[in-house]
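To start, the structure itself, in structure tokens.
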Amino acid sequence: MKYYGTPLCPDCVEADKFIAEKGIECERICITESTANLKEFLALRDTREEFAEIKKEGGIGIPCFLKEDGSLSFSLEEI
1 MKYYGTPLCP DCVEADKFIA EKGIECERIC ITESTANLKE FLALRDTREE
51 FAEIKKEGGI GIPCFLKEDG SLSFSLEEI
């Protein structure tokens, strides 16, 4: 699983703690660490319908979890 987030986001900070406490293995991609990471996230965000409502409401869409089966989750309860 890939996890897109940033320490600048309070929800991502909460997700980091949850992942650490539960021992969940994932590839963490900090979207504010590099332009390449941001571009990777934006490519996902701009091509997936799951982000439509989030973008409509002015949200970024993080934390975002890209599961091994290709599905997306924005909720800790669904990872």
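Residues in the sequence shown are numbered consecutively from 1, following our numbering.
Quick reminder that beta carbons are idealized off the backbone N, C-alpha and C, glycines included.
From the DSSP output, read off the bridge partner residues of residue 27.
Numbered from its first residue, the sequence shown carries residue 27 at position 27. Residue 27 pairs with 2.
Can you tell me whether residue 38 is helix, strand or coil according to DSSP?
Locating residue 38 in the sequence shown gives position 38, counting from the first residue. Helix, per DSSP.
Residue 44 and residue 66 - do their beta-carbons sit closer together than 8 Å?
Reading the sequence shown from its first residue, position 66 is the one you call residue 66. Reading the sequence shown from its first residue, position 44 is the one you call residue 44. Yes, they are a contact pair.
Which residue or residues does DSSP assign as beta-bridge partners of residue 71?
For the purposes of this step, residue 71 is taken as the residue at position 71 of the sequence shown. None, per the DSSP bridge assignment.
Reduced DSSP category for residue 44 - H, G, I as helix; E, B as strand; rest coil:
Here residue 44 corresponds to residue number 44 of the sequence shown, with the count starting at 1. Of the three classes helix, strand and coil, the one that applies to residue 44 here is helix, per DSSP.
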